[in-house]
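Some notes on the structure that comes next.
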Amino acid sequence: MKMRQRFSSHRGIYLLPNLLTTAGLFAGFYAVVASMQGSFEHAAIGIFVAMIMDGLDGRMARITNTQTDFGAEYDSMADMVSFGIAPALVTYNWALSGLGKFGWLATFVYVVAAALRLARFNTQVETADKRYFQGLASPSAAAILAGLVWLGTDYNWEIKPYGLYIGLLTITVGLLMVSNFRYSSFKEVNWKNKIPFVGIIAMVIIFILIASEPALILFSAFSLYAISGPIMTLWRLKDIREEREIRKKQLATSDKEDIVKKQD
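Okay, so the sequence shown: first residue is 11 according to this note's numbering, each after it adds one.
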């Protein structure tokens, strides 16, 4: 009887955060379906909607204290669909399907890179420096491809002459995900702090710019963010090496302390 009670107390999942995760998964799946039907603008928007849902589900879980291992795993699987498979297939259907083997291999490189990026993130989540991402985050990588598709659709680009370059860009974005370049996570920013009144005006201007040219602004912003990683890493290469040496010493010290405790 006690075993049944223990089992029943752990059954079920928290609704709100997992509902947001499901909404993001739905948006990513919808993006694939929309691209198969030739609605590339809707497909790109679907990926950006999935990004919003991905940002909300984790925060909602922390706010409501409903973080679980199931939620973390479910979120990771949804991310693989929304930011790995969906952007790759949308880009392939939009620009790479006519390039033969190179087209689908380029998108496959991106999908594999997204899977490796998520796996690395999941295994290093407890030990990684919270201030930085190691490699370009998969939502940001997806935003670059989705923004490009949206931009090309808005401006009625002739895709055939640029197919090769789009394929190379897809591969490059994938490689950035599995690189060791550091990207700011913006987690050190305290969103509860007060800001000057000018800051509110700046935020309004940003919203106006995004509303006026969403495809151009979003693609440009995430592309600049992708470039910032290599620049920031090379700029702080000496500091990064020193930080790694300090971490190695700390790990070695902690390992010695564990051995001493076991011996005692």
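Beta carbons are placed, not taken as given, at the ideal position from N, Cα and C, and that holds for glycine.
Just list the residues that DSSP pairs residue i with in beta bridges.
{"i": "Arg192", "result": "Gln144"}
Determine the contact status of residue i and residue j, defining contact as a CB-CB distance below 8 Å.
{"i": "Pro129", "j": "Thr117", "result": "A quick correction: the sequence has Ala, not Pro, at residue 129. No."}
{"i": "Ile169", "j": "Val100", "result": "no"}
{"i": "Met63", "j": "Leu30", "result": "yes"}
{"i": "Leu186", "j": "Gly113", "result": "no"}
{"i": "Ile95", "j": "Val121", "result": "yes"}
{"i": "Trp160", "j": "Ala231", "result": "no"}
{"i": "Ser49", "j": "Asp89", "result": "no"}
{"i": "Phe93", "j": "Ala71", "result": "no"}
{"i": "Ala236", "j": "Leu174", "result": "no"}
{"i": "Gly177", "j": "Leu106", "result": "yes"}
{"i": "Asp91", "j": "Leu35", "result": "With the sequence shown as reference, residue 91 is identified as Val, and Asp is not the correct amino acid for it. Contact flag set, yes."}
Measuring straight from C-alpha to C-alpha, what distance separates residue i and residue j?
{"i": "Ile241", "j": "Leu234", "result": "10 Å"}
{"i": "Leu228", "j": "Ser222", "result": "11 Å"}
{"i": "Phe80", "j": "Ile23", "result": "8 Å"}
{"i": "Arg69", "j": "Glu83", "result": "16 Å"}
{"i": "Ile210", "j": "Phe217", "result": "11 Å"}
{"i": "Pro27", "j": "Ile220", "result": "27 Å"}
{"i": "Phe131", "j": "Gly184", "result": "15 Å"}
{"i": "Ile205", "j": "Arg246", "result": "28 Å"}
{"i": "Gln47", "j": "Asn103", "result": "9 Å"}
{"i": "Ile215", "j": "Gly110", "result": "43 Å"}
{"i": "Ala151", "j": "Ala41", "result": "15 Å"}
{"i": "Asn203", "j": "Gly108", "result": "51 Å"}
{"i": "Tyr172", "j": "Phe207", "result": "44 Å"}
{"i": "Ile154", "j": "Gln77", "result": "29 Å"}
{"i": "Met213", "j": "Gly65", "result": "19 Å"}
{"i": "Thr32", "j": "Trp167", "result": "33 Å"}
{"i": "Ser86", "j": "Lys197", "result": "19 Å"}
{"i": "Asp67", "j": "Ile73", "result": "10 Å"}
{"i": "Tyr165", "j": "Glu136", "result": "44 Å"}
{"i": "Thr182", "j": "Leu226", "result": "20 Å"}
{"i": "Leu115", "j": "Phe39", "result": "21 Å"}
{"i": "Asn75", "j": "Lys140", "result": "20 Å"}
{"i": "Phe17", "j": "Gln144", "result": "Because Phe17 sits at a pLDDT of 36, beneath the cut-off of 50, its placement in the model cannot be relied upon, and the point is left open."}
So, under 8 Å CB-CB, residue i and residue j are touching, yes? Tell me the CB distance rounded to an integer number of Å.
{"i": "Ala2", "j": "Ala37", "result": "Beyond the ends of the chain as shown, which are 11 and 274, falls residue 2; an answer cannot be given."}
{"i": "Ser195", "j": "Tyr142", "result": "6 Å"}
{"i": "Arg192", "j": "Thr243", "result": "5 Å"}
{"i": "Glu51", "j": "Thr163", "result": "5 Å"}
State the start and end residues of the unbroken alpha helix (DSSP H) segment that holds residue i.
{"i": "Gln134", "result": "111 to 134"}
{"i": "Ala105", "result": "Per DSSP, Ala105 belongs to no alpha helix (DSSP H) and is neither H nor E."}
{"i": "Thr182", "result": "173 to 187"}
{"i": "Ile241", "result": "224 to 245"}
{"i": "Glu51", "result": "50 to 73"}
{"i": "Tyr165", "result": "Taken as a continuous stretch (DSSP letters only), Tyr165 belongs to no alpha helix (DSSP H), as it is neither H nor E."}
{"i": "Asp139", "result": "Run containing Asp139: none; DSSP gives neither H nor E here."}
{"i": "Pro206", "result": "First-last for Pro206: undefined, no H or E at that position."}
{"i": "Thr32", "result": "25 to 46"}
{"i": "Val100", "result": "96 to 101"}
Does residue i come within less than 8 Å of chain B when only Cβ atoms are used?
{"i": "Leu66", "result": "Chain labels in this structure do not include chain B; a single protein chain is all it has."}
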